[in-house]
Amino acid sequence: MANKKDRSEDVERTVDSVEENIVKNSSKEKNTLKAVDKKKKGNKKTVFLLIVLAIVLSIAPLFVLKGAEFGGSDDAGSEVVEEIKGTEYEPWFEPVMEKVIGGEIPGEIESLLFCVQTGIGVAIVAYGFGYLVARKKYSPK
Numbered sequence: 222m223a224n225k226k227d228r229s230e231d232v233e234r235t236v237d238s239v240e241e242n243i244v245k246n247s248s249k250e251k252n253t254l255k256a257v258d259k260k261k262k263g264n265k266k267t268v269f270l271l272i273v274l275a276i277v278l279s280i281a282p283l284f285v286l287k288g289a290e291f292g293g294s295d296d297a298g299s300e301v302v303e304e305i306k307g308t309e310y311e312p313w314f315e316p317v318m319e320k321v322i323g324g325e326i327p328g329e330i331e332s333l334l335f336c337v338q339t340g341i342g343v344a345i346v347a348y349g350f351g352y353l354v355a356r357k358k359y360s361p362k
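Counting from 222, one number per residue, gives the positions in the sequence shown under my numbering.
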């Protein structure tokens, strides 16, 4: 009889300690969730500020440098070469696409190819950032 009583007391103590651990862990989880929520709010503010900064940096030159010519690097480079050499700049080779189609590439096609190139670059950078975030998120601590 005493043996059964001891066992029931052991079981009650075990149940009580398990209940205490559950309560402690749930309060820890609540605190962790609160900290995560605060961090997410901070991240949202940071992202918003960075987007606004990017927009301002993109638009500011249009207002600050009124009347300025925004030319391409090819034009600027050839002008510098002409200044240094004193003669007209001659390209070393003809673009491959111009040889294939037998003339100059239309501006619309050139813009399309540039956009495709930009899209591929953005996809590579986005994949890299996503990989780094996922690696950090799912790595064992």
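Backbone N, C-alpha and C define an ideal beta-carbon position, used for all residues, glycine too.
Consult DSSP for residue i and reduce its assignment to one of helix, strand or coil.
i: Leu-286; result: coil
i: Thr-339; result: helix
i: Phe-314; result: coil
i: Thr-235; result: helix
i: Gly-324; result: coil
i: Thr-267; result: helix
i: Glu-309; result: coil
i: Gly-349; result: helix
i: Ser-279; result: helix
i: Gly-298; result: helix
i: Ser-332; result: helix
Distance check for residue j and residue i, CA to CA, integer angstroms please.
i: Lys-306; j: Ile-326; result: 29 Å
i: Ala-297; j: Asn-264; result: 41 Å
i: Leu-353; j: Ala-344; result: 14 Å
i: Leu-274; j: Pro-282; result: 13 Å
i: Val-285; j: Val-321; result: 42 Å
i: Val-268; j: Leu-278; result: 15 Å
i: Arg-356; j: Leu-271; result: 23 Å
i: Val-238; j: Ser-360; result: The identity of residue 238 in the sequence shown is Ser, whereas the question assumes Val. Cα to Cα, the separation comes out at about 31 Å.
i: Gly-323; j: Val-346; result: 35 Å
i: Val-337; j: Phe-314; result: 24 Å
i: Val-301; j: Lys-266; result: 44 Å
i: Tyr-310; j: Ile-280; result: 33 Å
i: Lys-358; j: Gly-351; result: 10 Å
i: Lys-287; j: Val-317; result: 37 Å
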